[in-house]
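Protein chains in written order, with our numbering: chain A, 1 to 539; chain B, 1001 to 1381; chain C, 2001 to 2349.
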């Protein structure tokens, strides 16, 4: 192996999922002991890139990838994560993969335990070897000390604070003697500032020992502080490859979000209407992974209101909380009336409709037909599609009315299906999303919450969905509140956009503000937070 | 202070089942009027008789597969071994060993089938293993009723092949020539193990018999379980029991390990059934295995085990409490209401009821824990 | 064409096809071993009528996502209480049968309500728990049968003791009151069609079908299909599940009364213990899955299952000169349940 050959080199790597391009022409190299910062919005292609590197089955299962990956100078095509681990790639995932009932030691050495021979091995094979607890503890302690953090090796994972869990995961990778490259996906997201500081320190120490690191983070300041090289990924392409000395947090933020920072999206004139239709005050929502701590905002009638922010910061929790789907508190008023939280039926009775981000989990009856999916909410909440028999005693389902409504929306939204009786599970993602929208439109809501309306659907369907939302807003005067990870999408359709960070609404700006402004809000950069301007409606 | 209270409450809640049964026994024992030496003898006998079977349930629980209702498969294998050994008239310890040698491979095959089926039904292992027990009972009955005998019932047409497992002892075979009788007298094997090494201790006028050899075997088995927990395989099972996905991503062969857990459990149950029946001395060809499953599971649960956590202590406490109630309740019922039948139904009720309550508590606790872990996410707000 | 057949096999599943072909071959073989097809058919029909409503009792719970109702004994107990009460009060004929229903249904509804409260707290593990709730309620009733103050001489133990007998004849009370209603048959007695029982069965089928056509029934179906979806549409998931469990329990109570009037005996004590299993097997055999069942599944399944139960003793026994029907019943019914439990298309939670 030539000394100057980098540890990892990618050459024009690209990837398409079902005709949907998520990565294109990614080339970079990473030297021994170097730390590479990888930044980009959600959906920019970071995780796909790491999946390719790690040999995840999802890549091979969807047609493989283009380009070449060289590891230690040889072309590497890992067919499973285990191959990657054997070659020396370690990965610390965003979700913890620790066993709650195991100690730190047992977790660090999971499936790599030290064992001792006993005579029964001759009969039953190697798995019957006894564990060498002493040696295991010694190894765990040495791995922990190598990251420079102190954890009690006998502590149970279930009793650990989150910060310790992160370190335990890293120690697990360090214990593998052959680890040459360590990939960390958002390692500091769950850490307190002091813990993050320790982590950064220990990563520096690890890299000095010759282990290379790929550091994925939304906390740009850390990236600039830690990394020797920074890659900015947007829409599956590398938009910039710089070194910390050549750039700053503001530059990176604008590169991340803005297709072109200078040209703001063309926008419709400000509305004259300033009646407030929805007010949320000190709203908290207990949605796993998207906790809302304290959100205060108000929405004007007839407006398209955006809620943006990075994944896991709580933007999705807002709509789910108002709809009563997750435990919530605080106060929410619609048209001056209080909404009783934690009671979906009561929320729906305020003429609110919701298109969930969790299409398959919450949005659809996958095993039922299209017309059932579209009509169900309206039937239960508003008694539509119901024929009353025996003086209202019997509420008979009106299949004919359901068919007619379904037919109308199938044509109106151009849903590709065999008939209104086709089961929702058989439709493509885009068509499923249209069914979800139709379900909401059938209710004829005054306020429509739409979460991640374009996630996982192809470009053509994306445009149609956004156009439909705009049309409904203009024609019916429906107030629309869109939650999306894609800032550009929000800027192209919304009047105002609220950015959520760490469970709080930290700023509401007109969509016409420069993209970089939003980018800074999203990454929680000090510059933006110190100036919590809440811009109201255009009054 | 608060913490203390919390700890006490936690202790009471987590041991509520054994505590309730201790209280019940405290009421029922005086009512029944049994002498203490009688009860002591009964408990010692029943502990020796049942512990092995109940212990066989521990390993699948460790691997997160819940209560192995499929242990009846092992019991069936054990019974087949006993039928054959009885037919060959091999008595004493050699007979028992031979029965074990015959039944263990059968149990291994059945365990493999059971484990593979359960891998197709992850998350509903218990109900599946339960139904599998019934299904296999059908196969077992087919074998025992139609394939075992002096002459074969099923002939392959046009070839001189008879599907038959030869058993000729007229005391075993039904008069029609095939099929095993319902009640089999295991005279040659009766107490073969128990009497190999025994002790008589005088207690209050009468003497109490202790089957030491059986207890030794149980002790060895307990040591095996303790040791097994410390092996790599045991560690893997614990890991799988906690989180299959994490275990899988760390490279542990999840499905294979689950199958191994069930195979071990089934084989141990087969041997347990042999110990059980050598003590009883007679075998109910078509019912013995059925009751084995239910009584073992009920005993384990009464001992304070849950669907996901069980220890050796749970086994012994459970066997004692369950059988104490078993012995005492008919007499207590008779004294209380004048009907022994009532007490008998009461113990049936307890066997079923305890399983129902344990399952409900487990499912409910899991639901609560999910809720609590969600609440803890809320943070300080 | 080949694709069509493959799709059919895929939908129906191998076990169902094998069992269907098995039954068909039994009917074909019957004349050759001197089994009269007509009287076999008649037997089958009687048993379909007897068991139909018990199988129907599976549908509401399956549809609401509570899984297969292994807790059927709970409904059966309510039915038994109604039956013994009507005999205690000496109400005879159709009126007696109606009286039994009248007593049984409120009890069933109440038991179903409490049963539902348990099941709502153990979502995802309903089936195993249902089995043991059913078993323990049977055991509780065993004690109750001994203690309850029934004293009609036809029901209590002869030798002066208290407590009900294990089997009580409905002869002279309401035996065959439904079966014989408008019944017809051949003079030789080879064929008999229990019209009244079928009218009742189809009436029940219609009512359950109609329930699932209402707004509430639609909500119940949606809860079974995707509880999260239903909740997001403002449906009270637990309430819908409670309704379905109560409905299943009430149907179970009706089902056992129909069964008893045709059978002629009330079986107490451990009698109801395993009664859920044939009903579960029948509906699965009819094409239902763990979370979807239709009226067609009920009718087809009951017919197939009872067909096998009537045909195997007669045909197989004359073929092999041995009674294998019990073993075949065990293997077929449990095999069917096992198949449904291990099928890959499972409830998404």
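Even glycine gets a Cβ: it sits at the ideal position worked out from N, Cα and C. Predicted model, so just to flag it, every value in this text is computed and none were measured.
| Item | Value |
| --- | --- |
| Stretch-stretch touch, CB-based, cutoff 8 Å, three pairs: the segment 1080–1096 of chain B with the segment 1188–1205 of chain B | yes |
| Option nearest residue 1142 of chain B by Cα separation, candidates B/1127, B/1336 and B/1163 | B/1163 |
| Cutoff 8 Å: residue 368 of chain A Cβ touching any chain C Cβ | yes |
| Buried or exposed by the 16-neighbour rule on C-beta atoms within 10 Å, applied to residue 1016 of chain B | exposed |
| Proximal residues of chain C, C-beta to C-beta of residue 380 of chain A below 9 Å | 2215, 2218, 2219, 2222, 2230, 2233, 2234 and 2235 |
| Proximity to residue 16 of chain A [Cα-Cα], best of A/49, A/32, A/159 and A/39 | A/49 |
| Alpha-carbon to alpha-carbon, residue 432 of chain A and residue 411 of chain A | 14 Å |
| Alpha-carbon spacing of residue 358 of chain A relative to residue 450 of chain A, whole angstroms | 11 Å |
| Buried or exposed (CB count within 10 angstroms, at least 16 for buried), residue 2287 of chain C | buried |
| Chain-ordered residues of the segment 2010–2029 of chain C with a beta carbon less than 7 Å from chain B | none |
| As assigned by DSSP and simplified to three states, the class of residue 1182 of chain B | coil |
| is_contact[residue 1034 of chain B, chain C] using C-beta, thresh 8 Å | no |
| Span separating the alpha-carbon of residue 2330 of chain C from that of residue 2023 of chain C | 16 Å |
| Nearest-angstrom Cα separation, counted from residue 2162 of chain C out to residue 2151 of chain C | 8 Å |
| Other residues of its chain near residue 1361 of chain B: CB distance less than 6 Å, five sequence neighbours each side excluded | none |
| Endpoints, the beta strand (DSSP E) within which residue 91 of chain A is located | 89–92 |
| 8 Å contact criterion, which residue 301 of chain A and residue 279 of chain A should meet: CB distance rounded | Contact flag wrong, Cβ pair sits at about 12 Å. |
| Proximal residues to residue 80 of chain A (C-beta, below 6 Å), its chain only, five neighbours per side dropped | 55 |
| Contacts of residue 1006 of chain B in chain A (Cβ-Cβ under 7 Å) | Correct list: empty, because the minimum Cβ distance to chain A is about 15 Å. |
| Residue interval of the beta strand (DSSP E) (run including residue 10 of chain A) | 8–17 |
| CB-CB length for residue 299 of chain A against residue 183 of chain A, believed under 8 Å | 40 Å between Cβ atoms; not a contact. |
| Top-ranked residue by Cα proximity to residue 514 of chain A, from A/503, A/425 and A/492 | A/492 |
| Pick from A/413, A/427, A/84 and A/315 that is closest to residue 369 of chain A, judged by C-alpha positions | A/427 |
| Straight-line Cα distance separating residue 215 of chain A from residue 2228 of chain C | 37 Å |
| Simplified DSSP assignment, three categories, for residue 260 of chain A | Per-residue confidence for residue 260 of chain A stands at a pLDDT of 45, beneath the threshold of 50, marking its modelled position as unreliable; the derived number appears in the next sentence. In this structure, residue 260 of chain A counts as coil in the three-state DSSP scheme. |
| Within 8 Å, strictly: CB atoms of residue 1261 of chain B and residue 1077 of chain B | no |
| Contacts of residue 1252 of chain B in chain A (Cβ-Cβ under 7 Å) | 111 |
| Beta-ladder partner(s) of residue 1102 of chain B, from DSSP | Answer is none; residue 1102 of chain B lacks a bridge partner. |
| Per-residue DSSP class, three states only, for residue 2274 of chain C | coil |
| Cutoff 8 Å: residue 115 of chain A Cβ touching any chain B Cβ | yes |
| Neighbour flag for residue 2226 of chain C against chain A, beta carbons, 8 Å | yes |
| Sub-8 Å separation of residue 10 of chain A and residue 67 of chain A beta-carbons | yes |
| Cross-chain neighbours of residue 396 of chain A in chain C, by beta carbon under 7 Å | 2213 and 2214 |
| Identity of the residues DSSP links to residue 39 of chain A by a beta bridge | A/232 |
| Collapsed DSSP secondary structure at residue 2350 of chain C in the structure displayed | Any property of residue 2350 of chain C remains undetermined from this structure, which presents chain C solely from 2001 to 2349. |
| Residue 162 of chain A classed as buried or exposed, judged by whether at least 16 other C-beta atoms fall within 10 angstroms | exposed |
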